[in-house]
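To convert, note that position 129 of the sequence shown is 564 in this note's numbering; the numbers rise steadily by one, no gaps.
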Amino acid sequence: IGALLADGLGDTIRVSLTEDPEKEYAPCNRLAQIGTGRTTGEQTATQRAVPTYSDGRDITSFARRRGDLPEQRDGDAFDYRGLLNRDGSVLSVVTAADLADPNPLYKSMACKTVVGLPFKDISTSDALLIRDGVPADDAVARQTLKRLMDVAVLPIVPA
């Protein structure tokens, strides 16, 4: 209550009805003294020096935010258009061990498969987050990663 009064968010001190009145008087009186101390000329000038805040947003209007997705430009070595989805992107966290066994990975990512090759569907993850990297000598994991990249399920690896 004291913090609210000090911030100017009220002018009434409510007391508890469960305590005896003589026990309530001292803390209420102290709160009133603190509040009165905040109304000195210097304190009032400090409070008035704070610029007024004007919120220009229309809080009654709701709309989906519009964003610009990556575009393919001349000279780009890689096509980033499949990395994000305009309706929201889903990232799957995978490890190098997950990449070593492709069929369960494809199933967990909701990929459609034809002859063991993954195909991206509306419910497929949009990107892979690989925190530990893929060893250069793991041919199966690298082939799995290449097949996913071919269908625009792209990896994100922290630098």
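For glycine and all other residues, C-beta sits at the position ideal for the given N, C-alpha and C. Please read these numbers as outputs of a predicted model, since none were measured by experiment.
Roughly how far, in whole angstroms, is the beta-carbon of residue i from the beta-carbon of residue j, given that I think they are within contact range, below 8 Å?
| i | j | result |
| --- | --- | --- |
| Ala531 | Pro593 | Between Pro593 and Ala531 the Cβ distance is about 14 Å, and since that is not below 8 Å, they are no contact. |
| Leu540 | Val549 | Actually they do not touch by this definition, with Cβ atoms about 16 Å apart. |
| Arg582 | Leu552 | 6 Å |
| Leu534 | Leu589 | Not confirmed; about 14 Å, so no contact. |
| Ile448 | Leu466 | 5 Å |
| Leu504 | Ala562 | Not confirmed; about 13 Å, so no contact. |
According to DSSP, is residue i part of a helix, a strand, or is it coil?
| i | result |
| --- | --- |
| Pro486 | coil |
| Lys539 | The displayed chain sequence assigns Pro, not Lys, to residue 539. Note: Pro539 maps to helix in three-state DSSP. |
| Ile469 | helix |
| Pro505 | coil |
| Val549 | strand |
| Pro462 | helix |
| Pro570 | coil |
| Ala531 | helix |
| Ala562 | strand |
| Leu380 | Residue 380 is absent from the model: the chain starts at 436 and stops at 594. |
| Gly526 | Note that residue 526 corresponds to Leu in the displayed sequence, not to Gly. Strand, per DSSP. |
Which one of the options has the shortest CA to CA distance from residue i?
| i | options | result |
| --- | --- | --- |
| Thr559 | Leu580, Ala576, Gln482 and Ser524 | Ser524 |
| Val586 | Ala574, Asp536, Leu534 and Asp514 | Asp514 |
| Arg499 | Val485, Asp493, Pro537 and Asp522 | Asp522 |
| Arg501 | Asn520, Asp511 and Arg516 | Asn520 |
| Leu564 | Ile591, Ala467, Asn538 and Cys546 | Ile591 |
| Ala574 | Arg566, Pro456, Phe497 and Pro537 | Pro537 |
| Ile557 | Asp567, Cys546 and Arg566 | Cys546 |
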